[in-house]
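Number of protein chains: 2
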Amino acid sequence: MPDSDHAIAATFAPHDHQQCAHRALDEAAARLTEQGARLTPVRRRTLEILLESHRAMGAYEVLDRLAAEGFGRQPPVAYRALEFLVTHGLAHRLQRLNAFAACLHPGHDHHPAFLICRSCDKVAEAAAAPIRDALTAVAAQGGFRVERATIEALGLCATCAAEGVA
Amino acid sequence: MPDSDHAIAATFAPHDHQQCAHRALDEAAARLTEQGARLTPVRRRTLEILLESHRAMGAYEVLDRLAAEGFGRQPPVAYRALEFLVTHGLAHRLQRLNAFAACLHPGHDHHPAFLICRSCDKVAEAAAAPIRDALTAVAAQGGFRVERATIEALGLCATCAAEGVA
DNA sequence: GCGATGGCGTTACTTTATTACATTCAGGTT
DNA sequence: AACCTGAATGTAATAAAGTAACGCCATCGC
Ligand SMILES: [Zn+2]
Ligand SMILES: [Zn+2]
Ligand SMILES: [Zn+2]
Ligand SMILES: [Zn+2]
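Sequence lines, in order, name chains A and B.
In case it helps, my numbering puts the first sequence at residues 409 to 574.
In case it helps, my numbering puts the second sequence at residues 409 to 574.
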C-alpha cells in the first residue's frame with residue numbers, strides 16, 4: 409500500500425471525498441476489467457453507496473437504498489452484490505459490525521487491518537503485514553499455521569480526539 | 409500468560425481434558441469470589457458446557473443444552489449467561505463464528521488472539537501482546553488510538569497438520 | 001438463431017440477537 | 001417473622017442478519 413503512513417489519516421481527516429470516491433470507483437472498474445468480471449448496475453450502485461462515506465454499512469441498509477432506487481428489495485439482492493465486491497477485493501466485510509465497507513485501495517493489500525472509530529464510525533484500512541507477521545510468529549510457536557486473519561481495532565481517530573471526544 | 413509457548417500446543421494436542429476443564433472451572437469460581445459476583449446454577453452450567461471441548465459454541469447450541477437440563481428455553485437465558493461469563497473474563501466471544509468459547513486462562517490476558525483450526529474446530533488462545541503492539545504502532549502512525557482489538561486467525565493446528573490434513 | 005451461462009428477481013426460511021415485562025430469590029431492615 | 005429491594009431468571013414477542021431454492025431474462029459463444 410503506497411502512502412501507508414498517510415492512508416489512515418487521509419480517511420479520518422476532512423478531504424475531497426468526491427475525488428476520493430471517484431478514484432476508488434475507477435480503480436475498481438479497472439481491476440474488474442482485468443479480471444474479466446462484470447460491473448453490472450446493481451454491483452456498481454452498491455459500490456457507489458458504500459463509497460458515499462467511510463462508514464461500514466449493514467447489508468439491509470444497503471438493500472434499502474437499492475430498493476429505493478428500483479432494484480430488487482429482497483435480501484439476496486444486497487448479499488449477492490456485496491459478496492461479489494468482497495470476492496473481487498472491492499469491499500471488505502467487518503466481522504465486529506456485521507457490515508461492509510468499500511475498499512479504498514483495491515489491488516494493494518487485500519486483507520488489511522481495520523481501524524474503526526467509535527465516535528465518527530469511519531473505518532480506515534491499515535497495513536496488516538507487520539501485524540500478521542507478529543500473529544504468524546506467535547502461532548508458529550504453538551505449531552499453528554495461520555491462513556487467514558481477522559484484525560479489527562476499535563478506538564478513536566485523530567480527528568475525533570482533536571475535537572475533544574473522550 | 410505463563411507457559412505461553414505451550415498453551416497453544418496444549419489446546420490442540422491430546423491431553424487430560426478432565427483436569428484441564430476442572431482447573432479452568434476452579435479458577436473461574438475463584439475469580440468470581442474475588443470480584444464478588446455470583447456463579448449461579450445457569451452460569452456455572454453454561455461454563456461447564458463450554459468447557460466440555462475446546463470448540464466454540466453458538467448461543468443456541470448452548471441454549472439447547474440448558475433447556476434439556478431444565479433451565480429456561482428462551483434465547484435470553486443463554487445470552488445472559490454467556491454475556492456474564494464474557495464480562496467477567498471467563499469466556500470469549502469469537503466474532504468470526506458468532507460463537508463463544510470458555511477462557512482457559514482466566515485472569516491472565518483477557519483479550520487474547522484466537523487461533524481457530526479449520527479442521528478440528530478447536531480454538532486456542534495466544535498471547536496478544538506482541539500482536540497488539542504491532543497494531544497499536546501502525547495505528548499510531550495514522551493518529552489512531554486503539555482501545556480494543558479483535559484478532560482471530562483461521563488456519564491449521566499442528567495436530568491436524570500431522571494427521572495429513574491439507 | 002440457439003443453447004449455455006450468469007445475473008437478477010422472487011418467496012420462503014433459518015439463524016442470531018434483543019426488547020419488554022412478569023416472577024422469583026437472596027440479602028438486608030425493621 | 002414481615003418487609004423491602006435489587007439481582008437473577010423466566011416468558012413472549014420481535015428484530016436483525018443471513019441462506020436456500022427456484023424462475024426469468026440478458027448476454028455470450030457458437
Ligand atoms: Zn474519502
Ligand atoms: Zn472519528
Ligand atoms: Zn483441555
Ligand atoms: Zn486441528
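No residue lacks a Cβ here, since even glycine has one placed at the ideal position from N, Cα and C.
(Q) Quick check: the Cα distance between T567/B and A429/A, rounded to an integer number of angstroms? (A) 46 Å
**Q.** Residues whose Cβ lies closer than 5 Å to any heavy atom of ligand 1, in chain order
**A.** H425/A and C428/A
Q: Check whether the Cβ atoms of T558/B and R504/A lie closer than 8 Å to each other.
A: yes
Q: With ligand 2 as the reference, list in chain order each residue whose Cβ lies under 6 Å from any of its heavy atoms.
A: F420/A, C525/A, S527/A, C528/A, K530/A, C565/A, T567/A and C568/A
Q) Quick one: Cα of A489/B to Cα of P514/B, how far? A) 16 Å
Q. What are the partner residues of G563/A, as DSSP defines its beta bridges?
A. C525/A and V554/B
Q | A532/B in three-state terms, based on DSSP | A | strand
Q: Find the residues of chain A that neighbour P538/B, judging by a C-beta separation of less than 8 Å, and give them in chain order.
A: A542, A545 and V546
**Q.** Where E555/B meets chain A, residues with beta-carbon distance less than 9 Å
**A.** R526, A561, L562, G563 and L564
Q: Let me know if T495/B comes out buried or exposed under the rule of 16 or more other beta-carbons within 10 Å of its beta-carbon.
A: exposed
Q. Can you name the start and end residues of the alpha helix (DSSP H) that L473/A belongs to?
A. Strictly speaking, residue 473/A in this sequence is Arg, with Leu absent from that position. Per DSSP, R473/A belongs to the alpha helix (DSSP H) from A467 to A476.
Q: Answer with buried or exposed for P483/B, where buried requires no fewer than 16 other C-beta atoms within 10 angstroms of its C-beta.
A: exposed
Q. Using a Cβ-Cβ cut-off of 8 Å (strictly less than) and excluding sequence neighbours within five positions of A563/B, which residues of its own chain qualify?
A. Residue identity differs from the one stated: residue 563/B is Gly in this sequence, not Ala. Closer than 8 Å at the Cβ level, and outside the excluded window around G563/B, lie L523, I524, C525 and R526.
Q: Report the residues of the stretch 504 to 527 of chain B with a CB closer than 8 Å to any CB of chain A, ordered along the chain.
A: R504, A521, L523, C525 and R526
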